[in-house]
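Here is the structure we will look at, set down as structure tokens.
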Amino acid sequence: MGRTGSSAGCIRHRRWHKYRLPKPDPLRQVFNSAAALLLILAGLISGTNRADAKDTAPAAAAYAEGAGGASTAACLPEGGLPIPVTGPDKAGFFRTLPGETSAKDVHHYVLTDIAGAWSGPDTPIPASGQSLWAWPQGKPNRWGLTPAWITADSKGGALLQIQLIERGLALAAPYLGSMACSKALIAAEKSARVRRQGRWKKETALSTMNLNALTASAGHYVLVEGRIVSLGKSSRTRYLNFGRNWKTDFTATLSTKQEKSFSDALASAGMSLEDLAGHAVQIRGVVDLNDGPHIHMTHPGQIIILDGNEDRK
1 MGRTGSSAGC IRHRRWHKYR LPKPDPLRQV FNSAAALLLI LAGLISGTNR ADAKDTAPAA
61 AAYAEGAGGA STAACLPEGG LPIPVTGPDK AGFFRTLPGE TSAKDVHHYV LTDIAGAWSG
121 PDTPIPASGQ SLWAWPQGKP NRWGLTPAWI TADSKGGALL QIQLIERGLA LAAPYLGSMA
181 CSKALIAAEK SARVRRQGRW KKETALSTMN LNALTASAGH YVLVEGRIVS LGKSSRTRYL
241 NFGRNWKTDF TATLSTKQEK SFSDALASAG MSLEDLAGHA VQIRGVVDLN DGPHIHMTHP
301 GQIIILDGNE DRK
């Protein structure tokens, strides 16, 4: 039996007993972004240690100044204390500095709230032992990796996450940061898209109508744009339907337990969850395949209203 959605004529049903919600995979993000991190940090280190290296000084300056203090403040955890770290290593991890802790207390950190970083074949390796600062944001995952914000100094300088995004090397992936932080990351991404930096030289957001491209993107973090056709709701799930055939068309969902956070975010744009039908939106997240391409949202920063918005492609 299907479930009748909140919009007339819409029936939405998914086989939840065999459906597994996708979660951000830090390992995938880390391995994909390792070379990009080395590239940026090489510029930072060279610019800092060799003032006469004209080719790397601009990169260092961009890292030091490009993100802006306001963006950093929006992302760093309130009352958080930075931890000196070195990295990234060849796997893309950051770790506590040798001598700072005993071997058994060494911690590893992974960049939080970014995804899909680009890596190049000729990435330079930075000097070893360079000290950076990790601001933990959450508990270690099952691999022992702690999500963190990485800055170039202990006072909360420019975020490495924003530097990667501004260069088109990674996508903003709201997960643990506040809405203010997510807006800063997405603003950096918008700048990269407008300037056609990195991945945006060839890529763009996927259309909800392009089911072949969406299907081929299964398992990847992507941007998707389209118009919501109807809404649906069950006891545990809200459905945003982008087509009338729920067996094949794209759908975005969120847990009813998170309705308040999404509603509060939408209210700032003069909208509510009940108002979304008929509006053009941008959705970001990991594509899963179950009765058509699907993205499950866990953070309100994963949806942007595009009607009358220059962000729309």
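Per full-length UniProt numbering, the sequence shown runs over residues 1 to 313. Just so it is clear, CB atoms sit at the ideal spot from N, CA and C, and this is done for glycine as well. Being a predicted model, the structure only gives us computed values, none of them experimental.
Distance CB(residue i)-CB(residue j) smaller than 9 angstroms
i, j, result
"Gly177", "Asp113", "yes"
"Asn245", "Gly292", "yes"
"Lys257", "Arg236", "yes"
"Ala280", "Ile305", "yes"
"Thr298", "Leu254", "yes"
"Ile162", "Leu185", "yes"
Residue i burial status per 10 Å Cβ neighbour count (16 or more: buried)
i, result
"Asp249", "buried"
"Val85", "buried"
"Val110", "buried"
"Ala36", "Any answer about Ala36 is weak, because its pLDDT of 49 lies below 50 and its placement is not dependable; what the coordinates show is given next. Its Cβ being crowded by 16 or more others within 10 Å, Ala36 is buried."
"Ala216", "exposed"
"Arg196", "exposed"
"Lys155", "exposed"
"Asn49", "Residue confidence is low: Asn49 scores 38 on pLDDT, short of 50, so the model does not pin down where it sits. No coordinate-derived value is stated."
"Lys183", "buried"
"Val194", "exposed"
"Gly116", "buried"
"Ala91", "exposed"
"Gly168", "buried"
"Asp307", "exposed"
"Ala192", "buried"
"Ala269", "exposed"
"Lys18", "Because the pLDDT at Lys18 is just 33, under 50, the model does not fix this residue reliably, and the value given afterwards should be weighed accordingly. Exposed, because fewer than 16 other Cβ atoms sit within 10 Å of the Cβ of Lys18."
Same chain, Cβ closer than 6 angstroms to residue i, five either side skipped, listed in chain order
i, result
"Glu189", "Ile165, Ala172"
"Lys201", "none"
"Pro24", "The predicted model places Pro24 with a pLDDT of 46, which falls under 50 and marks its position as unreliable, so this point remains unresolved."
"Phe187", "Contrary to the premise, residue 187 reads as Ala rather than Phe in this sequence. Counting only Cβ-Cβ distances below 6 angstroms, and skipping sequence neighbours, we find nothing."
Cβ shell of residue i (< 7 angstroms), same chain only, five flanking positions each side left out
i, result
"Gly144", "His108"
"residue 320", "This structure leaves residue 320 out entirely; the chain is present only between 1 and 313."
"Leu276", "Ile228, Leu231, Leu240"
"Pro300", "Met179, Ser261, Phe262, Ala265"
"Gln302", "Pro174, Ile283, Arg284, Gly285"
"Met271", "Ile305"
"Glu259", "Arg238, Leu273"
"Met209", "Gly226"
Sequence-distant residues of the same chain with beta carbon closer than 8 angstroms to residue i, five excluded per side
i, result
"Pro136", "Pro77, Gly80, Ile83, Tyr109, Thr146, Pro147, Ala148"
"Ser207", "Ala213, Val224, Glu225, Gly226"
"Phe93", "Val30, Gly87, His108, Tyr109, Val110, Leu145"
"Lys139", "Thr146"
"Ala218", "Val287, Asp288, Leu289, Pro293"
"Leu211", "Thr248, Asp249, Phe250, Gly292, Pro293"
"residue 361", "No answer is possible for residue 361: it lies beyond the span of the chain, which begins at 1 and ends at 313."
Exercise for review: Answer yes if the region 240-247 comes into contact with the region 212-232, meaning at least three C-beta pairs across the two stretches below 8 angstroms, and no otherwise.
Suggested key: yes
Review point. Do the region 74-84 and the region 160-179 touch if we need at least three Cβ pairs shorter than 8 angstroms?
Key: Contact between the region 74-84 and the region 160-179 is present, with at least three C-beta pairs closer than 8 angstroms.
Practice item. Could you pull out every unbroken beta strand (DSSP E) segment of at least 3 residues lying fully inside the region 183-244, listed in chain order? Key: 221-227, 230-233, 237-241
Point to revise | Residue ranges of each alpha helix (DSSP H) within the region 251-308, 4 or longer | key: Considered as a whole, the region 251-308 harbours 259-267 as its complete alpha helix (DSSP H) runs of no fewer than 4 residues, in chain order.
**Study point:** Complete beta strand (DSSP E) runs within the region 140-190 (minimum length 3 residues, chain order)
**Key:** 145-151
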